[in-house]
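Student: Residue numbers (the working numbering), protein chains in the order written: chain A, 835 to 911; chain B, 835 to 911. Where a beta carbon is used, it is the ideal one built from N, C-alpha and C, also for glycine.
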């Protein structure tokens with residue numbers, strides 16, 4: 835596993851994405867397929883190990899049928 | 835200037851950041867100082883030329899005294 839420094843915002847975002855994915859009954863693999871991202875990348879995002887970029891945040895929002903602001907509504911620094 | 839492909843979400847985000855910065859009467863240089871980012875990087879973000887990462891989105895939100903979701907409230911894909 836590629837290890838990177840974690841950051842509070844990355845950890846909070848990863849937890850939110852994991853919750854949303856599970857609430858839809860999706861495996862990481864199924865979700866990665868819908869979002870057109872790698873399964874291992876999704877795993878890293880959920881663990882807060884990735885400093886995700888805006889374009890990939892948009893892919894995740896689209897895969898969840900949400901707007902980006904909805905991914906961050908209850909995330910505070 | 836470093837040129838990169840632009841993306842609709844990067845352009846929309848850049849326009850929003852420019853509007854917010856100007857509404858506070860800040861130059862790119864002053865804003866970059868507050869956000870602890872380079873002035874040229876801020877310029878690239880505002881033009882939609884940068885695929886900004888979550889950690890830098892957080893820095894910009896903090897510099898504007900906003901939560902991340904407020905940066906995206908009226909941005910739609």
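Do you know offhand how far residue 865(A)'s Cα is from residue 855(A)'s?
Tutor: As a working mapping, residue 865(A) is identified with position 31 in the first chain. As a working mapping, residue 855(A) is identified with position 21 in the first chain. Approximately 7 Å between the Cα atoms of the pair.
Student: Who are the Cβ neighbours of residue 850(B) in its own chain at under 7 Å, not counting the five residues just before and after it?
Tutor: As a position in the second chain, residue 850(B) is number 16, starting the count at 1. 905, 909.
Student: Going by the beta-carbon positions, is the gap between residue 869(A) and residue 897(A) smaller than 8 Å?
Tutor: In the first chain, the residue the question calls residue 869(A) occupies position 35. In the first chain, the residue the question calls residue 897(A) occupies position 63. Yes, the pair counts as a contact, with Cβ atoms nearer than the cut-off.
Student: Check each candidate in 874(B), 892(B), 878(B) and name the one with the smallest Cα separation from residue 863(B).
Tutor: As a working note, residue 863(B) is residue 29 in the second chain. For the residues 874(B), 892(B), 878(B), the minimum Cα distance to residue 863(B) belongs to 874(B).
Student: Quick one: which chain A residues come within Cβ less than 9 Å of residue 901(B)?
Tutor: The sequence position of residue 901(B) within the second chain is 67, counting from 1. Chain A residues near residue 901(B): 906, 907, 909, 910, 911.
Student: Give the DSSP-derived three-state secondary structure of residue 887(A) in the structure shown.
Tutor: Reading the first chain from its first residue, position 53 is the one you call residue 887(A). DSSP places residue 887(A) in strand when its eight states are reduced to three.
Student: Which first and last residues belong to the alpha helix (DSSP H) in which residue 908(A) is found?
Tutor: Reading the first chain from its first residue, position 74 is the one you call residue 908(A). No alpha helix (DSSP H) holds residue 908(A); DSSP gives it neither H nor E.
Student: Applying a beta-carbon distance threshold of less than 9 Å, which residues of chain A neighbour residue 841(B)?
Tutor: Locating residue 841(B) in the second chain gives position 7, counting from the first residue. Per Cβ cutoff of 9 Å: 888, 889, 892.
Student: Flag residue 883(A) as yes if its beta-carbon sits less than 8 Å from any beta-carbon of chain B, otherwise no.
Tutor: In the first chain, counting from the first residue as 1, residue 883(A) sits at position 49. No, no contact with chain B.
Student: Cα separation between residue 858(A) and residue 841(B)?
Tutor: Taking the first chain and counting its residues from 1, one reaches residue 858(A) at position 24. Taking the second chain and counting its residues from 1, one reaches residue 841(B) at position 7. Their backbone Cα atoms lie some 28 Å apart in a straight line.
Student: What's the C-alpha gap between residue 882(B) and residue 843(B)?
Tutor: Reading the second chain from its first residue, position 48 is the one you call residue 882(B). Reading the second chain from its first residue, position 9 is the one you call residue 843(B). Cα to Cα, residue 882(B) sits roughly 8 Å from residue 843(B).
Student: Per DSSP, what kind of secondary structure is residue 854(B) in: helix, strand or coil?
Tutor: Here residue 854(B) refers to the residue found at position 20 when the second chain is read from its first residue. The answer is helix: DSSP assigns residue 854(B) an H, G or I state.
Student: In chain order, what residues of the same chain lie with their CB nearer than 6 Å to the CB of residue 886(B), ignoring the 5 residues before and after it?
Tutor: Numbered from its first residue, the second chain carries residue 886(B) at position 52. Excluding sequence neighbours, residue 886(B) sits near 879.
Student: Give me the Cα-Cα distance between residue 893(B) and residue 852(A), rounded to the nearest whole angstrom.
Tutor: Residue 893(B) sits at position 59 when you count from the first residue of the second chain. Residue 852(A) sits at position 18 when you count from the first residue of the first chain. Rounded to the nearest angstrom, the two C-alpha atoms are 24 Å apart.
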